[in-house]
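Going by this note's numbering, the sequence shown wraps up at 245, each residue one higher than the last.
Even glycine gets a Cβ: it sits at the ideal position worked out from N, Cα and C.
Remember, it's a predicted structure, so these values are computed and weren't measured experimentally.
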Amino acid sequence: MASDDRATEEPRSSPDASANASDHASASASDQQERVEVHVDIAGPPASGTKFQAAKHGVLASKPYLEIGSMIATIAALVGVTVQSCEIRKQNENLAFQLEQGARHDIFSKVLDLDRTALENPVLFRQIVAHGADPMSRRLFATVQRDPNGPEAEKAVQYAGLILDFYDYVLSAFPYEDYPTLGKPSDDDKDYVAWSNQIRITFQDGSFLCDRLLTYAHTYSITYTGRIFGDGLCPYSSSDTSAD
Numbered sequence: 002m003a004s005d006d007r008a009t010e011e012p013r014s015s016p017d018a019s020a021n022a023s024d025h026a027s028a029s030a031s032d033q034q035e036r037v038e039v040h041v042d043i044a045g046p047p048a049s050g051t052k053f054q055a056a057k058h059g060v061l062a063s064k065p066y067l068e069i070g071s072m073i074a075t076i077a078a079l080v081g082v083t084v085q086s087c088e089i090r091k092q093n094e095n096l097a098f099q100l101e102q103g104a105r106h107d108i109f110s111k112v113l114d115l116d117r118t119a120l121e122n123p124v125l126f127r128q129i130v131a132h133g134a135d136p137m138s139r140r141l142f143a144t145v146q147r148d149p150n151g152p153e154a155e156k157a158v159q160y161a162g163l164i165l166d167f168y169d170y171v172l173s174a175f176p177y178e179d180y181p182t183l184g185k186p187s188d189d190d191k192d193y194v195a196w197s198n199q200i201r202i203t204f205q206d207g208s209f210l211c212d213r214l215l216t217y218a219h220t221y222s223i224t225y226t227g228r229i230f231g232d233g234l235c236p237y238s239s240s241d242t243s244a245d
């Protein structure tokens, strides 16, 4: 009976063993807490670090696309400038063509006016442009000297001024920088050569026309008189010689 009672009794732990177990558990919990605190101190705030890394990764990932976009924008700007330059050049060419056509039309109209005046006054026209040694030219000089304010003299002066202004207008269509002298047959610009030949025929030495140009050369531009005198035209005036 005594043995059965001992067998059924529950084992009892000693107070010392319980105290040791409690101390061991407290030490383990404290050690784990220190590890967690150390980990937190080393790693830092996890939330803010994660956002910074994500933002940095996003910037690095988008950099190639930003470079491509910038390149596309630059190319588009260059294309736009090129197209605009082409349009401006085309507009300038059209404007130059219109101005050229307008100048040709004006010259043609003035040629018609000059021809009409010559047809209406054939003798006077011949007297004005004739060489200084021609009897018709000398007769005109004599008329003007005899009655400078008479109707014949005034008409001759007016008509000579019309011819001078006409060729001044013609030569103004050819820039002096490109055409400093009257044209020669070897020149490429056939229009300028043709007008130059016509001027040589019209401005005869000693003519009444040359006399008017020499007298009033200061009223015309050097680009006009320079080309006339530079070609050897109008070297003297017949008004200084005696008339027949």
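Buried versus exposed, by CB contacts within 10 Å (16 or more), residue i
i, result
"aspartate 148", "exposed"
"aspartate 212", "buried"
"isoleucine 129", "buried"
"tyrosine 237", "exposed"
"glycine 112", "Looking at the sequence itself, residue 112 is valine, so the reference to glycine does not match. Valine 112 comes out exposed."
"tyrosine 217", "exposed"
"serine 187", "exposed"
"serine 138", "buried"
Close-in-space but distant-in-sequence residues of the same chain around residue i (CB under 8 Å, 5 per side omitted)
i, result
"glutamate 38", "Confidence in glutamate 38 is poor, its pLDDT being 48 and thus under 50, which makes the residue's placement too unreliable to answer from."
"glutamate 121", "none"
"threonine 118", "Phe126, Tyr160 and Leu163"
"threonine 144", "Gly151, Glu153, Ala154 and Ala157"
"tyrosine 221", "Leu165, Asp169 and Leu214"
Cβ shell of residue i (< 6 Å), same chain only, five flanking positions each side left out
i, result
"tyrosine 225", "Asp169 and Leu172"
"glycine 184", "Tyr193, Val194 and Ser197"
"methionine 115", "One detail in the question is off: residue 115 reads as leucine in this sequence, not methionine. Contacts found: Phe167."
Cutoff 8 Å: residue i Cβ touching any chain D Cβ
i, result
"valine 145", "Of the chains in the structure shown, none is chain D; there is only one protein chain."
Cutoff 7 Å; reference residue i; Cβ partners in own chain excluding five residues on either side
i, result
"threonine 182", "Arg228, Gly231 and Asp232"
"phenylalanine 98", "For phenylalanine 98, the predicted structure reports a pLDDT of 45, less than 50, and the residue's modelled location is therefore unreliable. A value from the coordinates is still provided. Taken in chain order, the list of residues that qualify is empty."
"tyrosine 180", "Tyr193"
"tyrosine 177", "Thr224"
Practice problem: Could you tell me whether the segment 184 to 203 touches the segment 140 to 159, where touching means 3 or more Cβ pairs closer than 8 Å? | Solution: no
Quiz item: Between the segment 162 to 177 and the segment 133 to 147, do at least 3 Cβ pairs fall closer than 8 Å?
Solution: no
Quiz item: Does the segment 222 to 235 touch the segment 196 to 212, meaning 3 or more C-beta pairs lie closer than 8 Å?
Solution: yes
Self-check item: Every unbroken alpha helix (DSSP H) within the segment 151 to 177, with a cutoff of 4 residues, ordered by chain
Solution: 152 to 173
Exercise. Jot down the residue ranges of each uninterrupted alpha helix (DSSP H) in the segment 187 to 219, minimum 4 residues, whole runs only, in chain order.
Key: 191 to 203 and 209 to 216
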